[in-house]
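Note that this note's numbering has the sequence shown beginning at 915, numbered continuously upward. For reference, the structure discussed in these notes is given below.
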Amino acid sequence: MKAALKQRHYAIQSDITRLRKDLRQAIKAEKHGQVNKLERQIENLEREKRFYASSVSPVQFANGFVLNGKLLEQFVKKLPGMHLEAQFSVDGNDIIIRHDKGSITLYDLSDYYQGLKMPKGEDLLVKLGITLREV
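See below:
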């Protein structure tokens, strides 16, 4: 899975490099409409690229929901000794992790990781000591 994420990251970076080259040419030719279009495409790819960085470790639940496992691990690490519960929203587009002092909502990232084989999210919750409640 890490190799697939790295490969996608490099492909996006390659697209960004190509678009920046096109952007420089459009600026020199003073094609303002094309400049704006290329800048938006670069911004979108830069935003998408972060989902394939090494700091991301996606996990998938049985219902198809995908979240960043590393982010969840970092969150739990900051809450030692607290009772944690997770519950999917009714529509299944997010998961709410509740603890004694509040909660955090994590959104579904499955659109970014289609076709990748990922570890099971339920296993991560067990490892982190989070109880999964039914909707």
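Glycine included, every Cβ here is placed at the ideal spot set by N, Cα and C. Model, not experiment: these values are computed from the prediction.
request  = Run through the region 977–1026 for me and flag every whole alpha helix (DSSP H) of 4 or more residues, listed as ranges in chain order.
outcome  = 983–991
key: K1034 (DSSP reduced to helix, strand or coil)   = strand
V973, DSSP secondary structure in three states = strand
query = Going by DSSP, which residues form a beta bridge with T1045?
reply = E999
ask   = Taking the alpha carbon of V1004 as the point to measure from, which residue in V970, R1047, S1024 has its own alpha carbon closest?
value = R1047
task = Kindly indicate the opening and closing residues of the alpha helix (DSSP H) around A925.
result = 916–942
key: Inter-residue spacing [alpha-carbon to alpha-carbon] between H1013 and E1036   = Distance from the CA of H1013 to the CA of E1036, rounded to the nearest whole angstrom, comes to 18 Å.
ask   = Going by other Cβ atoms of all chains shown within 10 Å of its Cβ, with 16 needed for buried, is V1040 buried or exposed?
value = exposed
Check whether V980 and Q988 have beta carbons under 8 Å apart = Contact annotation: V980 and Q988 have beta-carbon atoms that are not nearer than 8 Å.
Reference K992; option with closest CA among D1022, A976, K1015, G1006 = K1015
ask   = Using the C-alpha atoms, what's the distance from N982 back to L1085?
value = Because residue 1085 is not part of the residues shown, which for the chain are 915 to 1049, the question remains open.
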